[in-house]
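Asks: What follows is a structure written as structure tokens; I'll ask about it next.
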Amino acid sequence: MNVDFPLRQTDRATSPADRAKILSDPGFGRYFTDHMASARWTPDAGWHDHRVAALRPYSLHPGTAVLHYAQEIFEGLKAYRHADGSVWLFRPELNARRFRDSARRLALPDLDEHAFLASVEAVVRADEPWVPDHGGEESLYLRPYMFASEAFLGMRPAEEVVYAVIASPAGPYFASGVIGVTLWISTVYTRAAVGGTGPAKCGGNYAGSLAAQIEAREHGCDQVMYLDGAEVRWLEESGTMNVFLVTADGELVTPMLGTILEGVTRASVLELATDHGLRAIERQIGLDELRDGCRSGGITEAFAVGTAAVITPIVGFKGDGYEFAVGDNRPGKTTLAVREHILDIQYGRVPDKRGWLRRVV
Ligand SMILES: Cc1ncc(COP(=O)(O)O)c(C=O)c1O
3 MNVDFPLRQT
13 DRATSPADRA
23 KILSDPGFGR
33 YFTDHMASAR
43 WTPDAGWHDH
53 RVAALRPYSL
63 HPGTAVLHYA
73 QEIFEGLKAY
83 RHADGSVWLF
93 RPELNARRFR
103 DSARRLALPD
113 LDEHAFLASV
123 EAVVRADEPW
133 VPDHGGEESL
143 YLRPYMFASE
153 AFLGMRPAEE
163 VVYAVIASPA
173 GPYFASGVIG
183 VTLWISTVYT
193 RAAVGGTGPA
203 KCGGNYAGSL
213 AAQIEAREHG
223 CDQVMYLDGA
233 EVRWLEESGT
243 MNVFLVTADG
253 ELVTPMLGTI
263 LEGVTRASVL
273 ELATDHGLRA
283 IERQIGLDEL
293 RDGCRSGGIT
303 EAFAVGTAAV
313 ITPIVGFKGD
323 GYEFAVGDNR
333 PGKTTLAVRE
343 HILDIQYGRV
353 PDKRGWLRRV
363 V
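Following this line, the structure appears as structure tokens:
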């Protein structure tokens, strides 16, 4: 089904001078572009009122369902400027599919893949000058989301829903060279249970992770490494990233799907493994195996992957009463090579052999 998000241009666009100032140091999630896409849903009318118009605040009734029951989902993807000025998305079809899966888990209406892609592309086209120039590791971060907008108190799926896409310029994640992180292995908090919302990208998962993030910081760590909720023994994922291990005998191992988020970067790294002489394996990884492997040298590198940071080297782990380094406590060679490989594809510096890029402008 072809869906159009017609543009109603804002008459209050940010001036070119102000935009240039923002783009000189955008940070992450601090500034927003001039337009947003939106559509509304009710059971009778289905999806309607598709548009791209000026970014504007909502006026919400205090009884709006999402404020009470967190019936909400979101996505995150980026638009990249290539050397010739063109602008591209990286595997947005996977975000569209994950968004639909998240919607089903949160009892929100399906949004067709074409509508998802059309809305994202319409925002990129409307705010094209906000896509940072080619040359650094900058991009335009896109945030599609959907929430229960009906005002009522009670436990049932909302019958009024809003879908929207906003955009925010993103600076390089590692402004002064790629640095490694240390992860806190929490045994106090877990992220997901079998049958729960772990594989969905819903706001509630992230609200629940904030206390664990504080715990990690209190122990001098950058992020959390979650273990499974049943046995508190198997590696799951980090706060907003999937996790990989490189072994001395050439395996690239990552926790299997089930209660974790099916990352777009994770899927891509698995596919690129053979280009780096590695055998990709998805399976359960025990905390004991991680600890013993890092101590014996059987595990040589570890890294975390996600849209925001691309690939972050993990140089150490800490838990209650113990800590251990990965390799020589510095970002590993394979980690940096895979990172460069993905960035080269995203920024069009190597041929897109797998057809992962989708041109917008
Ligand atoms: C919990 C969690 N795991 C993994 C990821 C990585 O997913 P992706 O590579 O699609 O950004 C994210 C980021 O979206 C996340 O929030």
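Numbering of the sequence shown is given in this note's numbering, commencing with residue 3 and proceeding in unit increments. Backbone N, C-alpha and C define an ideal beta-carbon position, used for all residues, glycine too.
1. In whole angstroms, what is the alpha-carbon distance linking T66 and G334?
2. Among P134, Y82, Q73, A124, which one has its Cα closest to the Cα of A109?
3. Enumerated in chain order, which unbroken segments of the beta strand (DSSP E) with a length of 3 residues or greater are wholly contained in the segment 14 to 67?
4. Kindly indicate which residue of E233, V190, R83 has the alpha-carbon position closest to the one of A214.
5. Could you check where the alpha helix (DSSP H) with K335 kicks off and where it finishes?
6. On a Cα-Cα basis, can you pick out the residue from T192, V312, L142, E325 that is closest to R21?
7. Restricting to runs no shorter than 3 residues, where is the beta strand (DSSP E) found entirely within the segment 227 to 277?
8. Could you give the distance in angstroms between the alpha-carbon of S17 and the alpha-carbon of L247?
9. Beta carbon of L185, beta carbon of S270: below 8 Å?
10. Give the range of the beta strand (DSSP E) segment to which G308 is assigned.
11. According to DSSP, which residues form a beta bridge with P315?
12. With V328 and V312 assumed to form a contact (beta carbons below 8 Å), what rounded beta-carbon distance in angstroms separates them?
13. Regarding N244 and ligand 1, is the C-beta to nearest heavy atom distance less than 7 Å?
14. Helix, strand or coil, according to DSSP, for F76 in the structure here?
15. Compute the minimum distance between the beta carbon of T261 and the heavy atoms of ligand 1, and state whether it is under 7 Å.
16. In terms of alpha-carbon separation, which member of L280, D51, T256, S298 lies closest to I287?
17. Within the present structure, is the beta-carbon of G231 separated from the nearest heavy atom of ligand 1 by less than 7 Å?
18. Put I216 into one of helix, strand or coil per three-state DSSP.
19. Give a single yes or no on whether R42 has its beta carbon closer than 7 Å to a heavy atom of ligand 1.
Replies: Quick answer:
1. Here the alpha carbons of G334 and T66 stand approximately 48 Å from one another.
2. Out of P134, Y82, Q73, A124, Q73 has the C-alpha closest to the C-alpha of A109.
3. 37 to 44, 48 to 56
4. V190
5. 335 to 348
6. L142
7. 237 to 240, 244 to 249, 253 to 257
8. 46 Å
9. no
10. 301 to 308
11. Beta-bridge pairing links P315 to F305.
12. With 8 Å as the limit, V328 and V312 do not qualify as a contact, their Cβ atoms being about 18 Å apart.
13. Correct: N244 has its Cβ closer than 7 Å to ligand 1.
14. In the structure shown, F76 sits in a strand (DSSP, three-state: E or B).
15. no
16. T256
17. no
18. helix
19. no
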